[in-house]
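Chains as they are written, first to last, in full-length UniProt numbering: chain F, 1 to 399; chain X, 1 to 399; chain A, 1 to 399; chain D, 1 to 399. Glycine residues also receive a C-beta, built at the ideal position from the N, C-alpha and C atoms. Predicted, not measured: the structure shown is a model, and the values here were computed from it. A quick write-up on the structure given underneath.
Number of protein chains: 4
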Amino acid sequence: MDFAHSAKAAEYLARVTEFIATEIEPVEPEYHRELARLDDPWTVLPVIPELKAKARERGLWNLFLPSVSGLTNVEYAPLAEAMGRSAIAPEVFNCNAPDTGNMEVLHLYGSPEQQERWLTPLLDGEIRSAFCMTEPDVASSDATNMAATAVVKGDEVVLNGRKWFSTGIGHPNCKVLIFMGLTDPDAHKYLQHSMVLVPLDTPGVAIERMLPVFGRHDEPFGHGEVSFTDVRLPASAIIAGPGRGFEIAQGRLGPGRIHHCMRLIGLAEKSLDLACKRASTRTAFGKPLVNLGGNRERIAQARIAIEQARLLVLHAAWKIDTVGAMAARSEISQIKVAVPNMALGVIDMAIQLHGGAGMTDDFPLAAAYSGARSLRLADGPDEVHLGVIARLELKKHLS
Amino acid sequence: MDFAHSAKAAEYLARVTEFIATEIEPVEPEYHRELARLDDPWTVLPVIPELKAKARERGLWNLFLPSVSGLTNVEYAPLAEAMGRSAIAPEVFNCNAPDTGNMEVLHLYGSPEQQERWLTPLLDGEIRSAFCMTEPDVASSDATNMAATAVVKGDEVVLNGRKWFSTGIGHPNCKVLIFMGLTDPDAHKYLQHSMVLVPLDTPGVAIERMLPVFGRHDEPFGHGEVSFTDVRLPASAIIAGPGRGFEIAQGRLGPGRIHHCMRLIGLAEKSLDLACKRASTRTAFGKPLVNLGGNRERIAQARIAIEQARLLVLHAAWKIDTVGAMAARSEISQIKVAVPNMALGVIDMAIQLHGGAGMTDDFPLAAAYSGARSLRLADGPDEVHLGVIARLELKKHLS
Amino acid sequence: MDFAHSAKAAEYLARVTEFIATEIEPVEPEYHRELARLDDPWTVLPVIPELKAKARERGLWNLFLPSVSGLTNVEYAPLAEAMGRSAIAPEVFNCNAPDTGNMEVLHLYGSPEQQERWLTPLLDGEIRSAFCMTEPDVASSDATNMAATAVVKGDEVVLNGRKWFSTGIGHPNCKVLIFMGLTDPDAHKYLQHSMVLVPLDTPGVAIERMLPVFGRHDEPFGHGEVSFTDVRLPASAIIAGPGRGFEIAQGRLGPGRIHHCMRLIGLAEKSLDLACKRASTRTAFGKPLVNLGGNRERIAQARIAIEQARLLVLHAAWKIDTVGAMAARSEISQIKVAVPNMALGVIDMAIQLHGGAGMTDDFPLAAAYSGARSLRLADGPDEVHLGVIARLELKKHLS
Amino acid sequence: MDFAHSAKAAEYLARVTEFIATEIEPVEPEYHRELARLDDPWTVLPVIPELKAKARERGLWNLFLPSVSGLTNVEYAPLAEAMGRSAIAPEVFNCNAPDTGNMEVLHLYGSPEQQERWLTPLLDGEIRSAFCMTEPDVASSDATNMAATAVVKGDEVVLNGRKWFSTGIGHPNCKVLIFMGLTDPDAHKYLQHSMVLVPLDTPGVAIERMLPVFGRHDEPFGHGEVSFTDVRLPASAIIAGPGRGFEIAQGRLGPGRIHHCMRLIGLAEKSLDLACKRASTRTAFGKPLVNLGGNRERIAQARIAIEQARLLVLHAAWKIDTVGAMAARSEISQIKVAVPNMALGVIDMAIQLHGGAGMTDDFPLAAAYSGARSLRLADGPDEVHLGVIARLELKKHLS
């Protein structure tokens, strides 16, 4: 195991960290306040394109994509952690979900036409995208439950169904979504589905509502419930051809989970920072909070938990880098379970140390909690990943 | 120990349960949807006064108040549990916080004038009220930190300071608040504070903002941050006279915590119901969710946790009824710690079994989670109550 | 719910508590030290029969048996708790497992001859007994796995098989055991097994070894592995006739679990006592341990956990008393899961507060831990009981 | 971070693993059974010196000592893990505590005479040693509580006091112990204590008793309570001179904790192996245990927990290797807390999956539990280490 970084990676980390500290953190609280004051918060405030332009100018742009940055997963991981401390940093560096995953898909599987039409403006940060996989009417943790269809008819593909938790679809710049649907129920179970590129303004596509997630709409990007009614597209909109949806989905998730998890670790570190500061400065019963009851123990346990989680993610990244996502399935599922739960524990502790203020939006903790909680369900609930880990573990004993 | 109910209490329970099932539950989902659609959700929808009128007509009104209902705490507890299953039921029966606590205070300590002006319309459900104790600038878990002042000058009392988490202050019918402030810093530590009745429209009272709690404003009642700037009132607005604020606050909390905790138990039962239903009907990997992995164990653990919590609250109620709130301090702190944490565990489990839907407002679970979480801080954080319990426990060993 | 005690029960409790405090506790430490010094610890030290005689003389004898004491389960429960504080008290009052369960079986199902031969000397405390149900070669949590046989041939019953965790079989006074085996594999699944009374000296019965349980042999009673090879007995040795073993086993367990759980609660209370004393008197870093870190919080959490567990057991006892063990299946399984886990947490905390001493036998904590741990497996592992609770919970939602 | 191994380290690991698999594991169960059958289990069975000779012959000897093996802490760690799977392997490779720590001390601080007299036979595996630091009468977690004295009088040092948990002192080959005592109460707090080499047969040294640890005496090495009464030794028996005890103790602990923790990880892996095997082969309710309830989830959680713990230890080892034990204080305390607790969880789960058998000594699980539990107290209880971690964490925020 070797989690060491190249000189280039170390330099990127230093520059990203400095950019966040000097350009983003000073303006972020006001960004959130201003957004909250808007009548229509589904708005891109001017500070975002300004920051994006600066980041791009400095070469801190699309670093998630190995072909751009030359970074391995192990090397990109600390950048993702750094970005995770801020709610807007990922977008500023054009490294935000779900666009990163969609760009990877287009990069790896897109046709030249698909790349030109969609990948180029995504890489330029000019448009945004969504990913439509989860469905409201079935337990989507079991992919074979998927009910939406992408039927090839002649030189067209026809989409029907209903999706939800389509993150980013509310963003004013969202122009395209990737739809996953059933193409051939008679094919091998991993060859039944297709992924299709769908311009958002295609007839038959309707955003039925934007979903509250733990009471928040997460403007301006949001999470949509989207219906597809006889949506007709040329067959060339299918990514990599019919029946390859499952294969693409699998590949999409490995690095994506590294990113999600490292961002959560950044969020947990930020929360622990805030907890330490608050507990050192607030006083009750004649002492700073940090000297009351079990507060120091909780801070220490948070430190241990964060360290373990970070090492586990780096280890999974190292496995993806060295043996590939397929051979790292257990490790990827391990971080998918461990990291959100760890982050929830740390954030919850920080909220408690902040008293009532921790529940408001005066601190980023309450929003962080909701975000972390959603990641115990997004991309497969804990329980499904535990099942994967157990299956691979038990396999070692069959012989 | 005797947690048995009189025939009268049993009859009340049957009638309250039936009212909720037939009058409230059928209309509640649409109530929430309608409220969410309003441009100004700080509105009392017509269904609320209609339901209130019906409840009052049937004699299911102000049952929380022993002098009205003749019920002990043990007897009222299951009514509070039943009401806790619905977000609006407590108000429908005129049994909602913080009005219940304020009515108790006025009933026990109010002058005839105070009672006529404020208690009567509160008991009639015509107005609502708020309670202003917690402050944003200090750790309010330590009451001696309180910075707001209620200074008696001649025949006036002058209020200054800033309060927050003043629940209910956003309600269109909120007309009065109870303010707690420091009157005499030189008095004995339990005789320094006063409680003052403040009409909401008194000059110098300003609602600075309505606070989001885990991203929700909880319209139409809400939680306010309120400033008091040279607010002048006649000294007769002081409840029970200067210096008795602490005494009143203590008395206010015992039964109030029973109510809060029993409502949470109702919420936990409701969440377990929903979890069982969802897990029995959704299918993944060819089985209902309930037959997958540890789901049955989690349902069983939830059942155990709820039973234990309910018995603990009944036990505390029985102690209040038989030996008084003072002698039941440990028991009251025990439920204050145990019940919200229990409820959070059950609700979180139910959310997980609902998948993404559990995070939206299609089910009452996400809102329930935020509400239960806030009760780990409201009325004193877990840590303070654990300290009380430990102190009383260790005292047994001193001799 | 009514957990109140009759005057008679209250009086018994006062007398049992006083007897333990004045007669047992002063001599118990030396009892254990003396036993540990013996070359052959499978010995009944004279103090035991002396204490038994005293207890019997004072009428504190066989109180577990309703027909003797006239106590309900709710009333007996606090006596069991009191006895649970001492490792030898249950035997002193002739209220120790597994004899209590065996006496109940004989009382309810024994023939007059069986009662005269075995129940009378057991009630007199002259002999002891064992119960042989669990088997080493199968997962005994599933009763249908049972492999031992009790085949009726003419007027004889022939036993074959291997049992283990036969508690008490090492006791010098153990004269009889109850054996459970398969009689008729073709009968209804609840009518296949029989219980047979087996004198310990019957040919074919061999104690293969005494089992260490977490490194302890629990002398002088112990836990045996016992083989049965063509053990022939008259058919009259079958309790209540062939095929009724399952029915008897079910009935045996309800009150027995109340006893086990209440004794564990006594043990947890004792452990919390010790923890409070130790933590108040030992000093580190200039403070008593109780003022360091999270120690007070842990003491408070232990208090909450014990209170909840006791109430849960009383509730289960009340259900057995009022609607019977069959209707109280969920409640009985609930305490079977909740109480040992609670006790383990409290004892472990107490061990930690005792430092190294807590691991030795200078305090009863290390032995208490092993004993409590074994009760997460004995009479069915946690997981099986959780399954029962979940099944009954989900049934409420089928309609 | 770089946890990679040199070719030499990888080769050692392969050879140690193979030696354990082919030479130790096949004979270990019979070793334990034979020892348990002995009247006097304080005996070195012949298989031990035979295995030691073989290991030494193959160059798998004293690998813990960098000056012998040339291995870093990161490189030695997996060897310790491999040895941790067996109760006797550490001794076979002459890598067992407390001798390893004592050899390190002698290697780093011993005079040539001390090294010749004690280090040489220890390195040869001819004698064993003990370490006497913890005291029965004070909370030894606070080093300043130490009451034993090592007073320099002329050219002699005189020892008085009482120590316990002196591991290894019962071993027939134990010839020397290292005693720590107070020399100069007026010196700076880190310069008050001395370490003294004490031949076991020195007049005034008395093993008062061998301590049971969770009911086990851990023969043939054991844990002693030792009294020192006017024990007189030449001043040359002091290691590195008077007043350096604290400094030596600190240095002794860093690598020692890596060893302990890695052995625990080996034990946890072994336990998980056993759990997987048992749960795959035992059947209840018509299914292998592994397909019942939450068993797979528990196996998965164990895998996650082990991976995180191992990475945390490797990280601490890497810090010791690269920046030294002083700069790695937080990391060392982190593993001291995290690893024993992790191991306890995994072992407990494995015990539960083994049913009653898990509590006996038919499997190494019950003994493993006791051993792991003792490590939550040995070398400082969890709570003290959490305090260290919190202090260092909070320091980052002072500025």
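For A:Ser374, the first and last residue of its enclosing beta strand (DSSP E): Mapped onto the third sequence, residue 374 of chain A falls at position 374. Taken as a continuous stretch (DSSP letters only), A:Ser374 belongs to no beta strand (DSSP E), being part of the alpha helix (DSSP H) at 365-374.
Beta-carbon spacing of F:Gln334, F:Ile389 below 7 Å: For this step, residue 334 of chain F is matched to residue 334 along the first sequence. For this step, residue 389 of chain F is matched to residue 389 along the first sequence. Yes, these two residues count as a Cβ contact at 7 Å.
Proximal residues of chain D, C-beta to C-beta of A:Trp164 below 7 Å: Translated into positions along the third sequence, residue 164 of chain A becomes position 164. Near A:Trp164 (Cβ distances below 7 Å), the residues of chain D are Gly356.
Span of the beta strand (DSSP E) around X:Trp164: As a first step, residue 164 of chain X must be located in the second sequence, where it is residue number 164. 156-167 is the span of the beta strand (DSSP E), which, as asked, contains X:Trp164.
Which of helix, strand or coil DSSP assigns to F:Phe19: Walking along the first sequence from the start, residue 19 of chain F turns up at place 19. Looking at F:Phe19 - three-state DSSP - the assignment turns out to be helix.
Residue of F:Gly204, F:Glu50, F:Glu269, F:Lys189 minimising C-alpha distance to F:Leu159: By one-based count along the first sequence, residue 159 of chain F stands at place 159. The residue with the shortest Cα to Cα distance from F:Leu159 is F:Gly204.
Proximity test, Cβ basis, 7 Å: F:Gly387 and chain A: Numbered from its first residue, the first sequence carries residue 387 of chain F at position 387. With 7 Å as the cut-off, F:Gly387 does not count as an interface residue toward chain A.
Interfacial residues, the region 248-265 of chain X to chain A, with Cβ spacing under 7 Å: none
Closer than 7 Å to chain A by CB, F:Glu34: Working through the first sequence from its first residue, we reach residue 34 of chain F at position 34. It does not: the Cβ of F:Glu34 has no partner Cβ on chain A nearer than 7 Å.
Member of F:Gln192, F:Trp164, F:Val196 whose CA lies at the smallest distance from the CA of F:Leu106: The residue you call residue 106 of chain F lines up with position 106 of the first sequence. For the residues F:Gln192, F:Trp164, F:Val196, the minimum Cα distance to F:Leu106 belongs to F:Val196.
Of the listed residues F:Asn341, F:Leu311, F:Arg298, F:Ser271, nearest to F:Gly84 (C-alpha basis): Along the first sequence, one-based indexing puts residue 84 of chain F at 84. Just measuring C-alpha positions, the residue of F:Asn341, F:Leu311, F:Arg298, F:Ser271 sitting nearest F:Gly84 is F:Ser271.
Residue range of the unbroken beta strand (DSSP E) whose run includes D:Ser129: As a first step, residue 129 of chain D must be located in the fourth sequence, where it is residue number 129. D:Ser129 -> beta strand (DSSP E) spans 128-132.
CA-to-CA distance, X:Glu91 to X:Trp42, given in whole angstroms: Within the second sequence, numbered from 1, the residue matching residue 42 of chain X stands at position 42. Within the second sequence, numbered from 1, the residue matching residue 91 of chain X stands at position 91. Between X:Trp42 and X:Glu91, the C-alpha separation is close to 15 Å.
Residue-level contact to chain F via CB, X:Asp2, 7 Å cutoff: Taking the first residue of the second sequence as position 1, residue 2 of chain X is located at position 2. Taking Cβ atoms only, chain F never reaches closer than 7 Å to X:Asp2, which makes this a no.
Minimum Cβ-Cβ distance from X:Met349 to chain F less than 7 Å: Along the second sequence, one-based indexing puts residue 349 of chain X at 349. Closer than 7 Å: no.
X:Thr144 in three-state terms, based on DSSP: Locating residue 144 of chain X in the second sequence gives position 144, where the first residue counts as 1. In the three-state reduction of the DSSP assignment, X:Thr144 falls in the helix class, which pools H, G and I.
Cβ-heavy atom distance, D:Lys153 to the ligand MG, below 6 Å: Among the ligands in the structure shown, none appear at all, so the ligand MG cannot be discussed.
Simplified DSSP assignment, three categories, for F:Leu314: Indexing the first sequence from 1 puts residue 314 of chain F at position 314. Assignment of F:Leu314 by DSSP, reduced to helix, strand and coil, places it in the helix class.
Bridge partner(s) assigned by DSSP for D:Gly355: Position 355 of the fourth sequence holds residue 355 of chain D. Looking at the DSSP assignment, D:Gly355 forms no beta bridge with any residue, so it has no partner.
Alpha carbon of A:Phe214 to alpha carbon of D:Thr360, nearest angstrom: As a working note, residue 214 of chain A is residue 214 in the third sequence. As a working note, residue 360 of chain D is residue 360 in the fourth sequence. Looking at the two C-alpha atoms, the distance is approximately 6 Å.
Cβ separation of D:Val337 and D:Ile265, assumed to be a contact under 8 Å, to the nearest whole Å: Counting from one through the fourth sequence, the residue named residue 337 of chain D turns up at place 337. Counting from one through the fourth sequence, the residue named residue 265 of chain D turns up at place 265. That belief does not hold up - the Cβ atoms of D:Val337 and D:Ile265 are roughly 14 Å apart, past 8 Å.
Member of X:His5, X:Glu57, X:Ile48, X:Gln114 whose CA lies at the smallest distance from the CA of X:Ala240: Counting from 1 along the second sequence, the entry for residue 240 of chain X is found at position 240. Comparing C-alpha distances from X:Ala240 to each of X:His5, X:Glu57, X:Ile48, X:Gln114 shows the shortest one belongs to X:Gln114.
Residues in the region 191-220 of chain A having any Cβ partner in chain D nearer than 8 Å: When C-beta distances to chain D are compared with 8 Å, the residues of the region 191-220 of chain A below that value are Leu211, Pro212, Val213, Phe214, Gly215, Arg216, in chain order.
Own chain residues within Cβ distance below 8 Å of D:Leu386, not counting five before or after: As a first step, residue 386 of chain D is located in the fourth sequence; it is residue number 386 there, counting from the start. Excluding residues within five positions, the ones whose Cβ falls inside 8 Å are Ser333, Val337.
F:Phe93 beta carbon less than 7 Å from that of F:Gly161: Translated into positions along the first sequence, residue 161 of chain F becomes position 161. Translated into positions along the first sequence, residue 93 of chain F becomes position 93. Their beta carbons are not under 7 Å apart, which means F:Gly161 does not touch F:Phe93 by this criterion.
Beta-carbon proximity check, F:Ile238 vs F:Val176, cutoff 7 Å: Against the first sequence, residue 238 of chain F aligns to sequence position 238. Against the first sequence, residue 176 of chain F aligns to sequence position 176. Not closer than 7 Å, so no.
From D:Gln250, D:Ala357, D:Met342, residue whose alpha carbon lies closest to that of D:Arg376: Here residue 376 of chain D refers to the residue found at position 376 when the fourth sequence is read from its first residue. Answer by Cα proximity: D:Met342.
Distance between beta carbons of D:Trp164 and A:Gly356, contact taken as under 8 Å: Position 356 of the third sequence holds residue 356 of chain A. Position 164 of the fourth sequence holds residue 164 of chain D. A:Gly356 to D:Trp164, Cβ: 7 Å. Contact.
Span of the alpha helix (DSSP H) around D:Val47: Position 47 of the fourth sequence, counting from 1, holds the residue named residue 47 of chain D. Residues 47-57.
Cβ neighbour criterion (16 or more within 10 Å) applied to X:Ser140: For this step, residue 140 of chain X is matched to residue 140 along the second sequence. With 16 or more Cβ atoms within 10 Å of its Cβ, X:Ser140 is classed as buried.
Other residues of its chain near A:Ile88: CB distance less than 8 Å, five sequence neighbours each side excluded: Within the third sequence, residue 88 of chain A is the residue found at index 88, counting from 1. Cβ neighbours of A:Ile88 beyond the five flanking positions: Ile24, Glu28, Tyr31, Ile48, Leu51.
contact_flag[the region 267-282 of chain F, the region 123-138 of chain F] where n(CB pairs < 8 Å) is 3 or more: no
Under 8 Å (Cβ pairs) to chain D, residues found in the region 334-346 of chain F: Gln334, Val337, Ala338
Minimum Cβ-Cβ distance from X:Glu331 to chain D less than 7 Å: Along the second sequence, read from residue 1 onward, the residue named residue 331 of chain X stands at position 331. Cβ-Cβ to chain D under 7 Å: no for X:Glu331.
For X:Leu65 and X:Pro78, the rounded distance between their alpha carbons: Translated into positions along the second sequence, residue 78 of chain X becomes position 78. Translated into positions along the second sequence, residue 65 of chain X becomes position 65. So the two alpha carbons sit approximately 14 Å from each other.
Where A:Pro185 falls, given that 16 or more other Cβ within 10 Å makes a residue buried: The residue you call residue 185 of chain A lines up with position 185 of the third sequence. In this structure A:Pro185 is exposed. Its beta-carbon is surrounded by fewer than 16 other beta-carbon atoms within 10 angstroms.
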